[in-house]
Amino acid sequence: MSDRKIIDIHPAMAAHMPGLSTWRAMPTARIEWLDPFLFLNHHGPDVFRPNNRGLPFGPHPHRGFETLTYILEGELIHKDTTGYNSNIKTGGVQWMTAGSGLLHSETSSEEFKKEGGAVELIQLWLNLPSKLKMTPPSYTGLQENELVHFDAVEGVRVHLLSGEFLDHKGPIDSITNLTMTWMELRENSKLDLQVDPENQILLYVVSGKLDVNGREAGERSLVQFDHEGTDIHLQAQADTRILFGYGKPFNEPIAAYGPFVMNSEAELQEAFNDYQNGKLGVWKD
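Numbering follows the numbering used here, in which position 223 of the sequence shown is assigned residue number 223; successive positions increment by one, without gaps.
Below is the structure:
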C-alpha cells in the first residue's frame, strides 16, 4: 500500500450571486471537473435579514446528471415537475436525479423570508453515464436524523449519505454506486482511509484547516488526487468540516452547457429543444 498522490489543491473562486455569497470549487480556470464529479458551489455562510427575498433559485431545467445538495445550515424547499415537494432543514440533504429531464426550484419558505436566518449550502453535480442519461427523474430528501451518523475515530464524526463506508451503509442508493459523506473533525484529530486507485476522490474542505497526506488544505479548497496509491491520511489543524466521497469515473465524452450535461453537442441541442417544447415538464405554481 502507498499514499494516494495529490496533483494539486485548488481554492474555490468567488462567484457571488445577488444577496448570496457563493464560492465555486469547480469548474474554474484551474480545474474543469473530477469525473464523475462535475460542479461544486458553496453558498454562504450568510445571514439573511428579516423581510428578505429568500434564495434565488427559481424554476429551471436539468437533464443528464444528478444534483446533491447539503443543507449545512438553514433550509431548502425543493419542488419539481414530477410532483416532489419537500423542505429540508439543517443537516439534511437533497439528492435529485434529473435523468431524462425535469424543472425544479430551490427556494426559501415564507417564514424564512419574513423572519430571516442563517444559510449555508453546498451543491454538487454528479454525472450520469450515457446508459443512464435518460433514466426517469427522481428525488430523495432526507432530514439530518435520516442519515447514518457515527464516530470513525475519536474526534471524527461521519455523516453518511450513500454507499458503504467504514462498515456502515448509507440510506441513499446511488445509481452510479457513489459513496458520499460529510465529516466533522475536531482539532488534532486524525483519520486514515484507503480508497481503491480506480475510484475518483472528492475531498472539499468546507471550513477549517486539514493536513492531507502532508499537504495543507485550507477552508474552501478542493483536493485533486491522482489515481496512484490507496492511503489517505487526514489530520485536522483546526476544527474542520469536509465533504468526502468517491466513485468510478465514466471516461466518456462530456458535453455540458447551462443546465444540461450530455455526451455530445447533438444531445445538448436536443435537450434545449425538448425544454423549449415543454417535454421536460410544465411549471405550475
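Where a beta carbon is used, it is the ideal one built from N, C-alpha and C, also for glycine.
Proximity winner among the options, relative to residue i (alpha-carbon distances)
i    : options               : result
N273 : E228, F260, K284      : F260
T240 : Y139, A271, A217      : A217
R24  : H43, I6, N263, Q224   : H43
G208 : I232, A238, M183      : A238
R26  : A266, Q224, Y70, S100 : The question names Arg, yet the displayed sequence has Met at residue 26. It is Q224.
Q143 : A271, K133, F250, G91 : G91
L166 : E115, I6, R157        : R157
E219 : Y275, D173, Y204      : Y204
A266 : A255, M13, Q276       : A255
A12  : E252, R215, T107, W33 : W33
V206 : D8, I7, T22, M1       : T22
K248 : K114, I175, D8        : I175
V47  : Y275, T107, F112      : F112
M134 : L193, D211, A271      : A271
D173 : G141, E184, L193      : G141
D285 : M1, K279, T107, F244  : T107
Coil, strand or helix - residue i by DSSP
i    : result
F112 : helix
W268 : Residue identity check: residue 268 is Leu in the sequence provided, not Trp. In this structure, L268 counts as helix in the three-state DSSP scheme.
E146 : helix
Y84  : coil
K5   : coil
S174 : coil
K89  : strand
L103 : strand
K131 : helix
D239 : coil
N277 : coil
T22  : strand
E120 : strand
H10  : strand
W283 : coil
W33  : coil
F65  : strand
I71  : strand
L166 : coil
P59  : strand
P259 : coil
P306 : Because the chain in this structure spans residues 1 to 285, residue 306 falls outside the shown range and cannot be described.
G218 : strand
H15  : Reading off the sequence, residue 15 comes out as Ala, not His. Correct three-state label for A15: coil.
I254 : coil
Inter-residue CB distance, residue i and residue j (contact presumed, cutoff 8 Å)
i    : j    : result
S109 : N127 : With a Cβ gap of about 31 Å, S109 and N127 do not count as contacting.
S264 : H10  : With a Cβ gap of about 28 Å, S264 and H10 do not count as contacting.
I242 : W182 : 7 Å
L76  : T69  : 6 Å
G116 : R49  : 5 Å
A118 : E73  : 5 Å
Spatial neighbours of residue i in its chain, beta-carbon cut-off 7 Å, leaving aside the 5 residues before and after
i    : result
E246 : Looking at the sequence provided, one finds Tyr at residue 246 rather than Glu. Closer than 7 Å at the Cβ level, and outside the excluded window around Y246, lie T179, V195, N199, Q200, I201, L202.
S105 : F57, G58, P59, K79
F65  : L38, A98, W125, L126, N127, L128, V261
N213 : D3, R4, I6, I232, H233
K114 : P50, N51
F250 : D35, P36, N127, P129
A152 : V158, L166, L191
A14  : W23
Chain-order list of residues whose beta-carbon lies under 6 Å from that of residue i (same chain, five-residue window excluded)
i    : result
D190 : It should be noted that the sequence gives Lys, not Asp, for residue 190. So the qualifying residues of the chain are Q235.
G155 : R186, S189
P45  : E120
G281 : T81, L102, L103
Y257 : L268
P61  : L103, P259, Y275, L280
Y139 : Y84, M96
M1   : T230, D231
Beta-carbon contacts of residue i that lie in its chain and below 8 Å, excluding the five residues immediately before and after
i    : result
I197 : It is Pro, not Ile, that sits at residue 197 in the sequence shown. Taken in chain order, the residues that qualify are R4, H227, E228, G229, T230.
P137 : D80, T82, M96, T97, A98, G99, S100, G101, L102
K169 : V148, L160, G163
L132 : G99, I175, T176
Practice task
Would you check if there are 3 or more beta carbon pairs closer than 8 Å linking the segment 124-143 to the segment 33-40?
Solution key: Verdict: yes, contact present.
Practice task
Pair every Cβ in the segment 78-85 with every Cβ in the segment 142-156, then say whether three or more of these pairs are closer than 8 Å.
Solution key: The count of Cβ pairs closer than 8 Å, one atom from the segment 78-85 and one from the segment 142-156, stays below three, leaving the stretches out of contact.
Handout entry: the segment 49-57 touching the segment 16-29, judged by at least three CB pairs closer than 8 Å
Key = Contact holds: three or more Cβ-Cβ distances are below 8 Å.
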